[in-house]
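Student: In my numbering, the protein residues as written are 699 to 792.
For each residue, glycine too, the CB sits at the ideal point set by N, CA and C.
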Ligand SMILES: [Zn+2]
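(1) Within its chain, find whatever has a CB closer than 7 Å to the CB of residue 679; leave out the 5 residues flanking it on each side and keep chain order.
(2) For residue 773, collect the residues of the same chain with a Cβ closer than 6 Å to its Cβ; drop the 5 residues on either side in sequence, then sort them by chain order.
(3) Buried or exposed for residue 739, please, with buried defined as at least 16 other CB atoms from any protein chain shown within 10 angstroms of its CB.
(4) Which stretch, first to last residue, makes up the beta strand (DSSP E) that contains residue 744?
(5) Would you please state the rounded distance, in angstroms, between the beta carbons of residue 788 and residue 722? I believe it to be under 8 Å.
(6) Taking the alpha-carbon positions, what's the residue 724 to residue 746 distance?
(7) What's the call for residue 785, buried or exposed, on a 16-neighbour Cβ count within 10 Å?
(8) So what does DSSP say about residue 767, is it helix, strand or coil?
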């Protein structure tokens, strides 16, 4: 997914929970991210980055690797796209 970032121009976009996006857009660092990976035949095909608060609401208390479902669960539709470079700048992800 390509998105247009005010700082980085066209960049790869990641899906994050809306509270993470809001913090990062206010140039606040964010830690304690819970990553939910979906795998298909042993390969991770999609990754979503959630705040602890958002993740716990949907029953995730730590990083998870799940089997790719036919349809994504409802919480995926609540995620917001965020520039990957901004994400890397304000989180401990590399
Ligand atoms: Zn950016």
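Tutor: The short version:
(1) The chain is shown from 699 up to 792; residue 679 falls before or after that span and cannot be answered.
(2) 756
(3) exposed
(4) 741-748
(5) 5 Å
(6) 21 Å
(7) buried
(8) In the structure shown, residue 767 sits in coil (DSSP, three-state: anything other than H, G, I, E or B).
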